[in-house]
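Before any comments, here is the structure.
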Amino acid sequence: MADFAATVAGSLPKPFWLAEPNTLWAPWRTEGEELTRAKRDATILVVKLQEDAGIAIVSDGEQSRRHFVHGFLEFVDGIDFAHQVPMGIRNNRYTAMVPTVTGPVSLRGRVHADEARTARAHTRAKLKITMPGPMTIVDTIADRHYGDRTEMAMAFADLLNLEARALEADGVDTIQFDEPAFNVYMDAVKEWGIEALHRAIDGLSCTTAVHICYGYGIKANLEWKQSLGGKWTQYEAIFPALAESRIKQVSVEARNAKVPIELLALLKGKDVLLGCIDVGNETVETAEDVFRTIEQAAEFVPVERIFPCTNCGMAPMEWDLAWAKLTALGAGAALARERLG
Ligand code: ZN
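This is the structure in C-alpha cells:
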C-alpha cells in the first residue's frame, strides 16, 4: 500500500514580520528576545500551514536561519566570520564571500534545538529537519587549518552527527542533509562524499535523507544550467553510489527538470523524495500536474518508495505562491493515493 506521503525539500518563505520577503538570505526584521519569539511563531505557523496543505512530513521551514550553510556554521568554533574572503563556489560557478576555518572545528552547543522542539510540540505529523551536508559545507568555506578537503569534511561530519543525534532525541523523524555540491564533484562523491555522509548519520535510527539538486534560480545557477544542454546526466554518475549508501531517502527535482526521469531507476532500494513542484517559476502546478509527475516516476520507482516533494527549497519565493504550490502538492499526493495506492 503506497501512501505517497508528501513532504518539502526544506526551506519555506518567511512571514513578512520575520524577514524581508521574497529575498534569499534576507535580513531579520527584529532582534534579541523579540527575534527568538518571532522565529518560534513563524515555525509554528509554517508547520500548521503545511498540515493544512496536506503535507504529511513537515519541516520547520528553516525559519530560524538566514542561510542553509551559514545557519549551521554560526554555531561552530574554529571559524573566523569577521574576515570573509572571496571563494569560487561549486567549482567556480560563482564567487561568494565566505568565512575561513582557522582552527579545529567544534560545536559551541545545540544548533537547531529551539526550532526542532517548537515544531515537535505543535504537530503530530512526522517532522523533518535539514542540515547542510559535509561536502557542501567544505565547498562554502575557506580553509587555513586542515589543508585537506576530505579531512575537513570529516571534521564537519562529526559535528553534524552530534547535532543529528540530539535532534533525534528531540523527536525529529527525518534528518536530511543538503548536498547541492554532489552534482558538481561527481568523483569526490564516490571517493569521500558518501563516506562523510555516513559519518554524519552514524548511530541514528531515525529516517535519513540527502537532497541533491541543480540549485536555486539565482543567475549563476541559471547560466550554469543553460550550459548543461538538453539532458542533465550528472546523476548517472552518483545515483549508483547513493543506491549503495546507508542513506534511506534521496530528494531530487523532477518537475520541469531536464534530468531524464528514467535515471531514478538507478536509486534502487531508496525512497525517492520526488520533486513535483518547480520552485523556479510562478506558475502554480495543478493537482493533476503533480499526479502526472508521480505517474511518470512510478514507471521507474516502486510506488511505495515515492514521496511527492518540492524540487528544492522555497525560501526566496513569494509567500502566497509557495502555499498555493504546496496545496497543489498535497492534493496531487491525494490523487496518487486514490489512483495508484
Ligand atoms: Zn536544492
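First residue of the sequence shown? That's 2 in my numbering, and the numbers climb one at a time after it. Where a beta carbon is used, it is the ideal one built from N, C-alpha and C, also for glycine.
Asked                                                                                                             : Found
Ala-329 beta carbon near the ligand ZN (any heavy atom closer than 7 Å)                                           : no
Chain-ordered list of residues that sit, by beta carbon, closer than 5 Å to a heavy atom of the ligand ZN         : Cys-214, Cys-313
His-226 and Asp-174 closer than 8 Å at C-beta                                                                     : Before going on, a small fix: residue 226 reads as Lys here, not His. Not in contact: Lys-226 and Asp-174 (Cβ atoms no closer than 8 Å).
For Glu-254: DSSP bridge partner residues                                                                         : Gly-276
Cβ shell of Leu-243 (< 6 Å), same chain only, five flanking positions each side left out                          : Val-251
Nearest-angstrom beta carbon gap, Gly-62 and Thr-44 [assumed within contact, 8 Å]                                 : 7 Å
Bridge-paired residues (DSSP) for Val-333                                                                         : The residue asked about is misnamed: residue 333 is Gly in this sequence, not Val. Answer is none; Gly-333 lacks a bridge partner.
Cβ-based neighbour list, Lys-191, same chain, cut-off 7 Å, excluding 5 preceding and 5 following                  : Ala-242
Those runs of the alpha helix (DSSP H) which lie wholly inside the region 162 to 242 and span at least 4 residues : 195 to 202, 220 to 228
The region 306 to 317 / the region 30 to 48 touching (three or more Cβ pairs under 8 Å)                           : no
Exposure of Lys-220, with buried meaning 16 or more beta-carbon neighbours within 10 Å                            : exposed
Three-state secondary structure assigned by DSSP to His-146                                                       : coil
DSSP state of Ile-56 mapped onto helix, strand, coil                                                              : coil
Trp-320 versus Asp-53 - alpha carbon distance                                                                     : 15 Å
Strand pairing of Phe-69, partner residues [DSSP]                                                                 : DSSP, once it has assigned bridges, lists no residue as partnering Phe-69.
Delimiting residues of the beta strand (DSSP E) encompassing Val-139                                              : That residue, Val-139, is in no beta strand (DSSP E); its alpha helix (DSSP H) goes 135 to 139.
Euclidean distance between Cα positions of Ala-6 and Ala-114                                                      : 25 Å
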